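These notes concern the structure reproduced below.
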Amino acid sequence: GRKSFMQENSISYPCGNKVFTFKDVENQLKLIIN
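In terms of the working numbering, the sequence shown opens at residue 494 and continues consecutively.
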């Protein structure tokens, strides 16, 4: 994982009416927009 970038396996923050979620899955950083 990217411990220097995130303390947990995922980071999410609101942006307008959407929620951006960064997830560290299989050593790859995914961006999920809900």
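Using N, Cα and C, we set each Cβ at its ideal position, and we do this for glycine too. Values in this document were obtained by computation on a predicted structure and should not be read as measured data.
Identity of the residue in Ile-504, Lys-511 and Ser-505 nearest Asn-527 by Cα: Within the sequence shown, residue 527 is the residue found at index 34, counting from 1. Closest by C-alpha distance to Asn-527, out of Ile-504, Lys-511 and Ser-505, is Lys-511.
Return the CA-CA distance between Ser-505 and Ile-525, expressed in angstroms with no decimal places. For this step, residue 505 is matched to residue 12 along the sequence shown. For this step, residue 525 is matched to residue 32 along the sequence shown. Their Cα atoms are separated by approximately 9 Å.
Cα-Cα separation, Phe-515 to Cys-508: Sequence index remark: in the sequence shown, residue 515 carries index 22 (1-based). Sequence index remark: in the sequence shown, residue 508 carries index 15 (1-based). So the alpha carbons of these two residues sit roughly 13 Å apart.
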